[in-house]
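Accompanying notes for the structure given below.
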Amino acid sequence: MAQVVENPDNIQIASEWSQPDVNIIKPFDFFESGDGYANAKALIILNQNITVCPVFFRKIWDSCELHICADGGSNKLLDFDSGFTPEYIVGDLDSATAETLQFYKNRGTSVIAQRSQYATDLDKAVALTNLYFNYKLKNETKQKQSLTFNDYLYSLNTNDGLCSENLNIASDNSENIKLVLLGAIGGRFDQTLNALSKLYQLNSTYSHIDSILLNPEHTEFILYLPKGKNFIKFPKIKESEEIEKFGTTFKKSKSRQRLRNVGILPMLAPTILRTSGLKWDVNNWESQFGMAMSTCNLQVGETGFGIETTSECFVNVEL
């Protein structure tokens, strides 16, 4: 029988969510750098206005080794702050203005044209990211490559060379990559759905790539959850700690209690949910798109929250 339990605003998480059979997701890993955090980390900027806090944007930028603008994302970055210079601009280049391209070329950015209309600019940026870190890995583990990575890129065909080469990379011999996608949510609805589709594809197809979508219009992120037990290790922090970690504070849906909004979105298939650490925890609860969904929930678990799902789904969480 399905159950819904309303919890207090602060609860401790049971030890079962730290067991080996639980998939642990650590959102802070995407925004932090230094010892204990992933080194192979990339930021992909898409063609949406950048409205995140400038201090937080700097934090994300500095935590990433690689910065890529997907076509028109270069216009948005330039409009936001001309002081940031990406390593690459990639796509069919039908959105980036000539002035923007020249501005970044003058600053050393490599512009990679990929004209194919059978892949999105996001697809091309992801392929470039995967090739970048794995070409670097080859250089470190094998004899030095005869070509620099940029020479290698420019040797590929300008139609679909990136995506074709990306098909040759096997996850079991690849660098583990953290990927932050900024600007994938909002704007055109079809592009938003494509971004969710890409998030699913990345996490279900490439075991070496962990991805997160950042909403540029609201301070939240979107994660993919595989079926089974998942624990989002996202400790509740005080306002002073938030300022220290991010350089700013983020508005919460329940600002007085500083509770983060959480939504569980079964957009891929119907599912049965069990949760722990949410204001309204559920057990044996059927959920599917077009029927009941756990939206506008709140995190009350001190160290995070657990979601057990019988089907893959998405979760959105406020920062």
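Numbering (my numbering), first residue to last: 3 to 321. Even glycine gets a Cβ: it sits at the ideal position worked out from N, Cα and C.
Expected contact under 8 Å - CB spacing of residue i and residue j to nearest Å
{"i": "D77", "j": "T53", "result": "A small correction: the amino acid at residue 77 is Asn; Asp does not occupy that position in the sequence shown. N77 to T53, Cβ: 15 Å. No contact."}
{"i": "N132", "j": "I171", "result": "6 Å"}
{"i": "L332", "j": "A44", "result": "Since the displayed the chain opens at 3 and closes at 321, residue 332 lies outside it and no answer follows."}
{"i": "F248", "j": "F58", "result": "5 Å"}
{"i": "I15", "j": "G230", "result": "Not quite, the Cβ-Cβ distance comes to about 17 Å (not below 8 Å), so this is no contact."}
Nearest-angstrom Cα separation, counted from residue j out to residue i
{"i": "V113", "j": "K107", "result": "7 Å"}
{"i": "S278", "j": "K61", "result": "30 Å"}
{"i": "L300", "j": "F223", "result": "14 Å"}
{"i": "Y90", "j": "F135", "result": "14 Å"}
{"i": "F236", "j": "N217", "result": "18 Å"}
{"i": "A129", "j": "Q193", "result": "18 Å"}
{"i": "R117", "j": "K126", "result": "10 Å"}
{"i": "L227", "j": "F105", "result": "39 Å"}
{"i": "S206", "j": "V319", "result": "20 Å"}
{"i": "T111", "j": "D73", "result": "13 Å"}
{"i": "S17", "j": "T87", "result": "44 Å"}
{"i": "K240", "j": "N152", "result": "44 Å"}
{"i": "E352", "j": "E8", "result": "Outside the shown range of the chain (3 to 321) lies residue 352, about which nothing can therefore be said."}
{"i": "T99", "j": "S296", "result": "42 Å"}
{"i": "S84", "j": "D23", "result": "46 Å"}
{"i": "Y156", "j": "W63", "result": "26 Å"}
{"i": "A197", "j": "L204", "result": "10 Å"}
{"i": "C298", "j": "R262", "result": "9 Å"}
{"i": "I27", "j": "D123", "result": "27 Å"}
{"i": "N25", "j": "T221", "result": "24 Å"}
{"i": "L95", "j": "H210", "result": "28 Å"}
Coil, strand or helix - residue i by DSSP
{"i": "A72", "result": "strand"}
{"i": "G292", "result": "coil"}
{"i": "E314", "result": "coil"}
{"i": "L275", "result": "strand"}
{"i": "L155", "result": "helix"}
{"i": "Y134", "result": "helix"}
{"i": "D11", "result": "coil"}
{"i": "V57", "result": "helix"}
{"i": "L270", "result": "coil"}
{"i": "F223", "result": "strand"}
{"i": "V24", "result": "coil"}
{"i": "F30", "result": "helix"}
{"i": "C165", "result": "helix"}
{"i": "K78", "result": "helix"}
Contacting residues, own chain, Cβ-Cβ under 8 Å from residue i (five flanking each side not counted)
{"i": "C165", "result": "Q116, S118, A121, D125, K126 and A129"}
{"i": "Q290", "result": "P268, A271, P272 and T273"}
{"i": "I13", "result": "G279, V302, G303 and E304"}
{"i": "A4", "result": "V284, N285, N286, W287 and E288"}
Any non-hydrogen atom of the ligand SAH closer than 6 Å to residue i Cβ
{"i": "S118", "result": "For the ligand SAH, the structure offers nothing, since it holds no ligand at all."}
Within-7 Å CB hit, residue i to chain B
{"i": "T53", "result": "Included in the structure is just one protein chain, with no chain B present."}
7 Å CB neighbourhood of residue i in its chain, flanking five on each side removed
{"i": "I309", "result": "L227, N232, I266, L275, T277 and V317"}
{"i": "N168", "result": "A129, N132 and L133"}
{"i": "E34", "result": "S65"}
{"i": "T251", "result": "E241, E244 and I245"}
{"i": "G188", "result": "Q50, T194, N217, P218 and E219"}
{"i": "L215", "result": "L183, A186, I187, A197, L201, F223 and I224"}
Chain-order list of residues whose beta-carbon lies under 6 Å from that of residue i (same chain, five-residue window excluded)
{"i": "E288", "result": "I274"}
{"i": "L1", "result": "Summary: the structure shown does not reach residue 1, with the chain confined to residues 3 through 321, and so no result is reported for it."}
{"i": "A344", "result": "Since the first residue shown for the chain is 3 and the last is 321, residue 344 is missing from the structure and cannot be characterised."}
{"i": "D212", "result": "K180"}
{"i": "F191", "result": "none"}
Between the region 269 to 277 and the region 304 to 316, do three or more beta carbon pairs fall short of 8 Å?
yes
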